[in-house]
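Here the structure comes first, spelled out in structure tokens, and everything after it is commentary.
Residue numbers (the numbering used here): 666 to 784.
Below you can see the structure in the form of structure tokens.
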């Protein structure tokens, strides 16, 4: 159900966040993969219950983790690397924006849920 449930804290800390300034500008917070993991874990009750928003965030964080793994192990000719980098830069920007939006929505939902419970 959740793709990141077996991810180690060390792997999360090793993730390089591109365009952190833009994320900070849009969400007023830096994207922290460890914190995102904890939010997903809490919202899904330790990855045991189905939660649509947590699963969406899980998918995005999984893509982020795999992007770093692919870029570290990728081997090909210089021409292929250059064209992939140009394409992947655009893809990375789109993914970063999507992750920022998803995390922002998740945070807003959590705040709304907390406000509703305390009212």
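C-beta: ideal position from N, C-alpha, C; glycine also. Note that this is a predicted model, so its numbers are computed, not measured.
Residues of its chain near residue i, where Cβ-Cβ distance is below 7 Å and the 5 sequence neighbours each way are ignored
i: residue 767; result: 721, 722, 725
i: residue 709; result: 667, 716, 719
i: residue 670; result: 712
i: residue 774; result: 718
i: residue 706; result: 712
Residue i vs residue j beta-carbon contact at 8 Å
i: residue 698; j: residue 728; result: no
i: residue 757; j: residue 683; result: yes
i: residue 769; j: residue 714; result: no
i: residue 631; j: residue 764; result: Since the displayed the chain opens at 666 and closes at 784, residue 631 lies outside it and no answer follows.
i: residue 704; j: residue 779; result: no
i: residue 687; j: residue 761; result: yes
Three-way DSSP call (helix, strand, coil) for residue i in this model
i: residue 681; result: coil
i: residue 759; result: helix
i: residue 668; result: coil
i: residue 675; result: helix
Residue environment, residue i, which counts as buried when at least 16 other CB atoms sit within 10 Å
i: residue 754; result: exposed
i: residue 701; result: buried
Beta-carbon proximity list for residue i, same chain, < 8 Å, skipping 5 on both sides
i: residue 748; result: For residue 748, the predicted model reports a pLDDT of 49, less than 50, meaning its position is unreliable and no value from the coordinates is stated.
i: residue 680; result: 698, 729, 730, 733
Any chain C beta carbon closer than 8 Å to residue i
i: residue 716; result: Here there is only one protein chain, and chain C is not present.
* Unbroken stretches of the alpha helix (DSSP H), 4 residues or longer, contained in the region 689-731 -> 698-708
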